[in-house]
Amino acid sequence: MLISFTLGCGEFLVSGILNDLANSFNHSLASVGLLVTIFALVYAICTPLITLFVGRFRYYQTFKILMVVYIAGLVMSALATSYLMMVIARIVTAAVSGALLSVALTFGNAIAPAEKRGFTIAWIFSGFSIASVVGLPVGTYVAHIAGWHSAFWVVAILSIITFGLSLLSLPSDLQADYDDAQGSPLVLLKDPLIWLGVLVPLFWSAGINTFHTYIAPIITDVLHFGPVMLSTILAIIGVISIVSSQISGILANHHGLRKMPAIFIIEICLFLAVGFAYNNVLLALTLIFLMESMFNFLGSSITIHFLDVAEKFYPQSVVFASSLNPVFFNLGISLGSASGSVIISNSGLKDINYGSIGFIMVAFVILIILNRLIVSSGLDKEA
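In this note's numbering, the protein residues as written are 129 to 511.
What follows is the structure, encoded as structure tokens:
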């Protein structure tokens, strides 16, 4: 969980300091927002490539190498003096972030008893939520007080501490039962339960992150809150996110994918309503908090779905399966943040919620089809 917390701090910090980076590099808000897009795109490309080879080695050794690269990327971000340097630093950081999360999920899945997998995975994902509560608002506040470079130094130091604790505590002999005779882990992607399934977090993430990537500018430029209130609101959103992650674990233990279509519909209604509520600050904030409360509901259920398919039909692909939700969720972040940038450039901040609605509607249709396929495959024995 601490590993995922550190990863969350490194990934989310940029969203809280977009205005600072835009001013520092003399770039537009839309172009600086593409740092989020670039990070997510590199994350999505590199994670499966790295996890394809993780199964051949001990996770402990893999973790050490990836963590050193991750810390180097954070130090590069802290030292960046130009937009290009920051782009390169974010690419380095993103390249290993997804694989590190997959290693954390693999450790958790191996250690936890079967009946506690949903709970354990939810807590690992909660590390990102806790990063929203502590890392993002504190990092944003540090950036406003001491400069955004200092915020990255704080995350780098936290990562070094996490690295040291991990070396002392994680089991060093854990390794996948990899057998070349079983075929490539990529065979997993041929199954419609998988390739259809990955489209759900892709479009769900694109929907929520079309809006969420620009949450800080919305709070400051549209709702007209200052830097201190921005940090406070981000902290509240983080607390909501922790609760959301725990609910995700509960849903995962009770056939969560069956319940998600109703949640998607509610989310669409909230995104629609917020577009008419910006003139009423209290109502707009309430709607934003309600939207944020549902952002993590899908994570545990879809991750366990991927693991269940792999364990039942493709045992050589279990490690690879653990990376699918983070990969496609981040690919969705890239798609959503880029879409938000286009909408801002053409219509303004107040219209990005409509982009979110379009993506979530697509995710809704795909999820309905996936749930029917799960029932017909017999994977969901109680369906």
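In this text, a Cβ means the ideal position worked out from N, Cα and C, and glycines have one as well.
Pull up the CB-CB distance for V220 and V197, whole angstroms please, since I reckon it's below 8 Å. 7 Å
Extract the residue ranges of the alpha helix (DSSP H) inside the region 378 to 432, only unbroken runs of 4 or more that lie entirely within it. 384 to 402 and 409 to 420
For the pair the region 450 to 460 and the region 329 to 342, tell me if three or more CB-CB distances fall below 8 Å. yes
Rounded separation between L426 and L410 - CA only: 27 Å
First through last residue of the alpha helix (DSSP H) which encompasses H340: L327 to H340
For V356, decide whether its Cβ has a neighbour in chain B, counting only Cβ atoms nearer than 8 Å. Absence of chain B from the displayed structure is noted, only one protein chain being present.
Specify whether the region 343 to 354 and the region 229 to 247 touch according to this definition: at least 3 beta carbon pairs, one from each stretch, less than 8 Å apart. no
So the alpha helix (DSSP H) Y211 belongs to, where does it begin and stop? Y211 to I239
If we call anything under 8 Å between Cβ atoms a contact, is S287 one with L202? Yes. Within cutoff.
Tell me which residue opens and which closes the alpha helix (DSSP H) that E139 is part of. L130 to G144
Counting C-beta neighbours from all protein chains within 10 Å, is the total for R218 16 or more, i.e. buried, or is it exposed? buried
Give me the residue from G476, T179 and L498 with the minimum Cα distance to S312. Ranked by Cα distance from S312, the first of G476, T179 and L498 is T179.
Is the region 379 to 397 close to the region 256 to 271, with three or more CB pairs under 8 Å? no
Cutoff 7 Å; reference D436; Cβ partners in own chain excluding five residues on either side: L507
Runs of 4 residues minimum, wholly inside the region 178 to 209: which ones carry the alpha helix (DSSP H) assignment? 187 to 207
Could you check what DSSP says for N154 in three-state terms: helix, strand or coil? Under the three-state reduction of DSSP, N154 is assigned to coil, being neither helix nor strand.
In angstroms with no decimal places, state the Cα-to-Cα distance between G292 and S376. 30 Å
If you count every other CB in all the chains shown that lies within 10 Å of the CB of W323, and 16 or more means buried, which is it? exposed
Return helix, strand or coil for S312, following the three-state DSSP convention. coil
Are three or more beta carbon pairs between the region 144 to 156 and the region 435 to 455 nearer than 8 Å? For the pair of segments examined, the region 144 to 156 was found not to touch the region 435 to 455: the number of CB pairs separated by less than 8 Å stays below three.
Is there contact here, the region 349 to 356 with the region 479 to 493, by at least three beta-carbon pairs under 8 Å? In short, these stretches do not touch, since the Cβ pair count stays below three.
Neighbourhood of L228 by C-beta distance below 8 Å, restricted to the same chain and skipping five residues each side: I131, L135, F191, L194, M195 and Y198
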